[in-house]
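First up is the structure itself, then whatever we jot down about it.
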Amino acid sequence: MIHCGSLLFPNLHLSRNLSRKLFSRSVSYYNSFIMSGQQSLNRFFSVKKPESVNSTSKKLMSHKRTSETDYFPLKRTKNSITAECGDLNLLDSKKVDYSELENKIVDSKNLVEAESLLELESRYHSDTPVLPQSQEIFYSSLTNIFERLEQEPARLKNLAIASEFFLQILQSNHKRTLVEVIYLMINRLGPDYELDLELGLGETLLVKAIAEGTGRTPQKIRSELHKLGDIGLVAQNSRSRQPTMFKSKPLTIHTVFENLTKIAKSSGNASQARKIGLINQMLTTCEGTEAKFLMRSLEGKLRINFGEKSVLVALSKAFCEYEHELSDKNKGHVSPQELVDAEEATKKAFSQIPNYEIIVGEALKYGISNLATHCTLKPGIPLKPMLAKPTKSITEVLDHFHGQEFTCEYKYDGERAQLHVQQDGTVKIYSRNSEDMSQRYPDLIDVVSQIKSQCSGVSTLILDCECVAWDSEKGKILPFQVLSTRKRKDVNAEDIKVQVCLFAFDILLLNGESLLELPLKERRKILHENVRPIEGKFQFAEAMDADNVAEIQHFLDQSVKDSCEGLMVKMLDGDKSHYEPSKRSVNWLKLKKDYLEGVGDSLDLAVVGGYIGKGKRTGWYGGFLLACYNEDSGEYETCCKIGTGFSEEMLQTLSATLKPTVIKQPKPFYVYDASPDVWFEPTLVFEVLTADLSLSPVYKAGINFFGKGVSLRFPRFIRIRNDKSPEQATSSDQIVELYQKQAHV
């Protein structure tokens, strides 16, 4: 008798039982493939076909809901879209001109017309597949969206792509998956304040994982990486060359998210082996673009041209449309004003509760329009802090606050710290970027616990503060550089050498009640009445209410003598003095003594390249190429070469620090023209002072705004910003704003 397995594997000598098992499995895979039918085209979608569809309308299928279980999103025919366009002449017989469409939207001052065009763009040119209700969503659906976002330069089109995908997830009842999709889209695994959720795996580990997962040698992988400069493309190419006998079960979004979380949390002696094992488990299942984006996620550099601000806008739009489709009134039709209100509500809620699981859950429970009411301050969840605009002169301050009541506070040279006291007495300290710094400052935790015990009427509390290095013997503030020498991890209170003092300047919550919408004058009074300072440990920010140049100048000079950077000038009373989370507001101005003759503020820039030193600087890097960060595209845009402000000792230290980060070619997310002598991985951030800003044919900061980049003239090094990651460098938008403000002075 001929074994069935022998027919499939004629060159293998197989036992009868093994042959039967292999044949059975092969038939199972084959039947699964055949039965999937239309589903195999998209790997996971099940699309209902109309009874008759002519060739000109296949992409414009119109589905009507027949029951609550029908999960097809509403589609409009080309005729209905053409009718809505009226005489705009934006449609031909086959396609929409999106460049003209976007220009029409940008140029339009009419909210209704702009939203109609945006709706048209989203509905007409949508090839986002429909998601099934019952099954897990496959990872390929998300990577297909990533691929489209990466390839599409138009922001409005990308918003349409993302919002429609979010909408279809909502329609298909994958609520948990929506949260996972959002985090994967912004290359995170949870809120910033949750520990042990960072990826950013090193190149060496990823190369090893690709080698083990695809059977290629590490040498070949490194060689290809040198040519392509993208670990994701290398993984995709390696996976496509790998022969497979059987088709693996497709990856789901939930599986990928779960495994990435395990990788991020893995620690200890065997952690590298565990990480590689999990990566290989996913990599051997990847198809198409999955390997590319999986590796980019692991590296921590997704680069899909879609930042978190855009995610919030797309999410609000998706929820707005979803709620209309569920309601009986104006089913499926969203007014422009509703869309604007939904976006505002989503951003406001996220600024106070930066947790997508909570945001999505509350939006589903109460509706997007009520989101801001139910997502309010909560001790233990850091809100996004209010930030200040720079100013160049005292007279500019007086002009801005003319006729208004305002106050001046010392601008302390330290680290922003948001202090939370929870109901059970737990104390947490968060950075301006919502990072949990509690383990870094165990001494402050003890001080705050002591203060809490003395305030019998206080149960919960959120304060906005500045943490500075403190000389306890002389009772004075020490420079930021001293604070930066303090250990950032695994700090034991008994080993602390650099003492710190916390200066509180605002109170945001007291006993469960949000104080954000109270005037600053009232908030400051509440702070002083309910919290007791401890000299040299916890103090109130030095403040003075002034209304003339002489008083402000004297207070500014005194702040510098007291080792501060300058002043913060704030609106004191009225609606404009409310606390505005996550906003860089004109109601707070920063006045720095050293920067009055420059652009009004220092810039924090990422180091992406180096220049070999000459003369006295031989053997070190004598200069550096700096870049700002584009939050939307995830790219670093070069803005200056800097060689001034460094001591010889500093250059030696920087050279030793940066040499291990040298790369053979620039990263694909570097935007540049002239090349330095060497390229670096983005790891360091310099604080830089500049005389002014100018347009440049060489540098690329904000190039999408002016056609030319903005560059710094006569930049000077101030210090290293160890408290900032490269992604937290000054943004392209901020540099553009500074240049525009300078141009109008």
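Going by full-length UniProt numbering, the letters in the sequence shown line up with residues 1 to 745, in that order.
Backbone N, C-alpha and C fix where the C-beta goes; we use that ideal spot for every residue, glycine too.
Given the structure is predicted, the values throughout are model-derived calculations rather than measurements.
Per-residue DSSP class, three states only, for residue i
i	result
Leu371	helix
Pro660	helix
Phe717	strand
Thr395	helix
His324	helix
Arg303	coil
Phe480	helix
Glu517	coil
His420	strand
Leu556	helix
Tyr579	coil
Asp495	helix
Ala606	strand
Thr638	strand
Ile526	helix
Ile429	strand
Tyr739	helix
Lys378	strand
Val313	helix
Lys590	strand
Ala388	strand
Met437	coil
Lys211	For the record, residue 211 in the displayed sequence is Ala; it is not Lys. Three-state result, Ala211: helix.
Phe680	strand
Ser732	helix
Distance, residue j Cα to residue i Cα
i	j	result
Ile353	Tyr611	44 Å
Glu649	Pro682	22 Å
Thr690	Asp341	39 Å
Phe480	Ser559	15 Å
Leu520	Asp399	20 Å
Ser310	Gly536	43 Å
Ser577	Val549	21 Å
Asn144	Thr289	7 Å
Pro581	Asn530	22 Å
Phe706	Asp443	49 Å
Glu494	Phe538	19 Å
Val360	Lys220	44 Å
Ala345	Ile368	7 Å
Ser271	His254	22 Å
Ser585	Arg274	46 Å
Thr177	Asn259	14 Å
Leu684	Gln337	43 Å
Leu149	Leu159	9 Å
First through last residue of the alpha helix (DSSP H) which encompasses residue i
i	result
Asp506	It is not in any alpha helix (DSSP H) - Asp506 instead sits in the beta strand (DSSP E) that spans 500 to 510.
Glu198	Unbroken run through Glu198: none, as it is neither H nor E.
Leu167	155 to 171
Val256	253 to 265
Glu150	139 to 151
Ala235	231 to 241
Glu357	356 to 366
Val685	No alpha helix (DSSP H) contains Val685, which is instead part of the beta strand (DSSP E) from 685 to 689.
Phe705	703 to 706
Glu344	336 to 352
Leu189	Where Leu189 is concerned, there is no enclosing alpha helix (DSSP H), given that its DSSP letter is neither H nor E.
For residue j and residue i, believed in contact at Cβ under 8 Å, the rounded distance
i	j	result
Val179	Glu357	5 Å
Met571	Asn587	4 Å
Leu712	Cys640	4 Å
Glu637	Ala543	Actually they are not in contact, since the Cβ atoms of Glu637 and Ala543 sit about 38 Å apart, beyond 8 Å.
Leu508	Leu312	Incorrect: roughly 21 Å between the Cβ atoms, too far for contact.
Thr214	Lys249	About 18 Å separates the two Cβ atoms, so there is no contact after all.
Ala291	Leu283	6 Å
Gln423	Ile462	That belief does not hold up - the Cβ atoms of Gln423 and Ile462 are roughly 12 Å apart, past 8 Å.
Chain D within 8 Å of residue i, Cβ atoms only
i	result
Leu654	This model lacks chain D altogether, as it is built from one protein chain only.
Start and end residues, beta strand (DSSP E) containing residue i
i	result
Gly566	566 to 571
Gly623	621 to 630
Leu228	No beta strand (DSSP E) holds Leu228; the alpha helix (DSSP H) holding it covers 218 to 228.
residue 781	In the structure as shown, the chain starts at 1 and stops at 745, and residue 781 therefore has no counterpart that could be examined.
Lys489	Careful: Lys489 lies outside any beta strand (DSSP E) and carries neither H nor E.
Decide if the segment 294 to 307 is in contact with the segment 198 to 208; the criterion is three or more beta carbon pairs, one per stretch, under 8 Å apart. Contact check between the segment 294 to 307 and the segment 198 to 208: three or more CB pairs, one atom from each, fall below 8 Å, which counts as touching.
Are three or more beta carbon pairs between the segment 488 to 505 and the segment 728 to 736 nearer than 8 Å? With the cut-off at 8 Å, the segment 488 to 505 and the segment 728 to 736 do not touch.
Counting Cβ pairs, one atom from each stretch, are 3 or more of them under 8 Å apart for the segment 468 to 487 and the segment 445 to 452? As far as the Cβ criterion goes, the segment 468 to 487 does not touch the segment 445 to 452, which means the pair count is below three.
At least 3 beta-carbon pairs within less than 8 Å: the segment 181 to 190 vs the segment 204 to 212: Segments in contact, no.
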